[in-house]
Amino acid sequence: TPIISFKNVNKVYDNGTVGLKDINFDIPRGQFLVVVGLSGAGKSTLLRTINRMHEITSGEIRVEDEAIDRYKGRSLRFLRRKIGMIFQNFNLVKRSSVERNVLSGRVSYYPTWKSLLGLFSAPDKQKAVQALQRVSLAEKLYARADELSGGQQQRVAIARTLMQNPKIILADEPIASLDPLTTKTVMDILKRLNQEDGITVIVNLHSVTLAREYADRIVGLRAGEVVYDEPIAAVTATD
Ligand code: ADP
Ligand code: ADP
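Using UniProt numbering, the first residue of the sequence shown is number 5, and each one after it goes up by one.
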C-alpha cells in the first residue's frame, strides 16, 4: 500500500481561496517526489495537509493506510513525529546552539520538565551528534545557529528532523533562499536520506530543472490542481 494517499481532496481557505482542488494520487513508500508549480499553485498547502498543519475541506488523506482526519492528541502527535518538516526559512532558534536546535527535534512532541529546562539525556545528545554527522556538520555542534551559512542552517534543520526517525520528510521550498552550490549540497543530503534510509521525501520546488535532477516523480500543480504527474523518465522525454 502507498505510504500517503490523497482521495478527492479539496481545500478552500476561510476567505474562499481555493488551495487544493480534487487532488487524487498515491505516493509509494520510498519515493522521492518533487512538486512543482508557480507561487500560489498550492504546493505549500498540499504539504501542510499531510501533517495536519492545514485541515482539508473534503476528501480523505491516508498515511500508512490510516485516515488522518480524526487524529487528535496522542495520535496526532504520532503522525507528526513520523513526518519531518523542512522550511524555506529553516525555522531554527537563531540564538541557540546547533546542538540545542537539533535536540529540539527530539522533544518537541513530548515536552518533559527536563527538556523544558534544557536538560537532555546522554543518549539524546549522542543521537544529535549522529544526526549532525548525517548532514556532515558534526564539527558545528556548539556553534550558534545564526553563525552558520544558510545552507548549513538548512542542514541543521534536516538533522533536527532526523531526531524523530521520520518515515517521511516534507520540504517546503528548502532551497529557495540558497545559492546554487549550497542548493546541491542540501538536495544531495535529502536524496541520500531517501536512498540510504528509505525515507519518503516530498519536496516543493520552483525549478523543474532541479526537480528533474533529483525526483523519481514530478507532480505539477496549477491553481490547486494537478496538471501533470509523471515518472521522471517520461518528463525528461517529453519536455
Ligand atoms: P510560508 O508558507 O511561506 O511560511 P505563510 O504561511 O505566511 O508563508 O503563507 C503561505 C501562503 O499563503 C503565502 O503564499 C501567503 O501569501 C498565503 N496566505 C497566507 N495567509 C493568507 C491570507 N489570509 N489570505 C490569502 N493568502 C494568504
Ligand atoms: P504555493 O506553496 O504553491 O506558493 P500556497 O499553497 O502557499 O501555494 O497557496 C495556494 C493558494 O492558497 C494561494 O492562492 C494562496 O494565496 C492561498 N493561501 C495559502 N494560505 C492561505 C491562508 N492561510 N488563507 C487564505 N489563503 C491562503
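We treat Cβ as the ideally placed atom computed from N, Cα and C, and that holds for glycine.
Rounded to whole angstroms, residue 139 and residue 87 show a C-alpha spacing of 18 Å. Per DSSP, reduced to three states, the secondary structure at residue 198 is helical.
If you draw a straight line from the Cα of residue 99 to the Cα of residue 105, it comes to about 10 Å. The C-beta distance from residue 186 to residue 228 rounds to 31 Å, too long to meet the 8 Å contact threshold. With a cut-off of 7 Å, the C-beta of residue 109 is classified as distant from ligand 2, since no heavy atom of the ligand falls inside that distance.
Residue 50 and residue 176 have their C-alpha atoms some 10 Å from each other. Here the distance from the Cβ of residue 218 to the nearest heavy atom of ligand 2 is not below 7 Å. Sequence-distant Cβ neighbours of residue 9 in its own chain, meaning closer than 6 Å and more than five residues away, are 30 and 66. For residue 110, the closest of 218, 231, 134 and 64 by C-alpha to C-alpha distance is 134. In the DSSP assignment, residue 218 falls within the unbroken alpha helix (DSSP H) covering 212-218. By the criterion of a C-beta distance shorter than 6 Å, residue 91 is surrounded in its chain by 176, once the five residues flanking it on both sides are discounted. Rounded to whole angstroms, the gap between the alpha carbons of residue 23 and residue 40 is 15 Å.
Residue 152 carries a coil assignment under DSSP once its states are collapsed to helix, strand and coil.
Residue 168 and residue 85 have their C-alpha atoms roughly 6 Å apart. Its chain contains 181 as the residues whose beta carbon lies nearer than 8 Å to that of residue 93, once the 5 sequence neighbours on both sides are disregarded; these appear in chain order. Scanning its chain for C-beta atoms nearer than 7 Å, with the 5 sequence neighbours on each side dropped, one finds around residue 11 the residues 28, 63 and 64, in chain order.
Nearest C-alpha to residue 212 among 76, 236 and 89: 236. Not one heavy atom of ligand 2 sits closer than 7 Å to the Cβ of residue 77.
Residue nearest to residue 191 within the set 17, 131, 26 and 37 is 37 (criterion: CA-CA distance). Just so you know, the alpha carbons of residue 55 and residue 83 end up roughly 7 Å apart. For the 8 Å CB-CB criterion, residue 163 and residue 141 form a contact. The Cβ atoms of residue 46 and residue 225 sit closer than 8 Å to each other.
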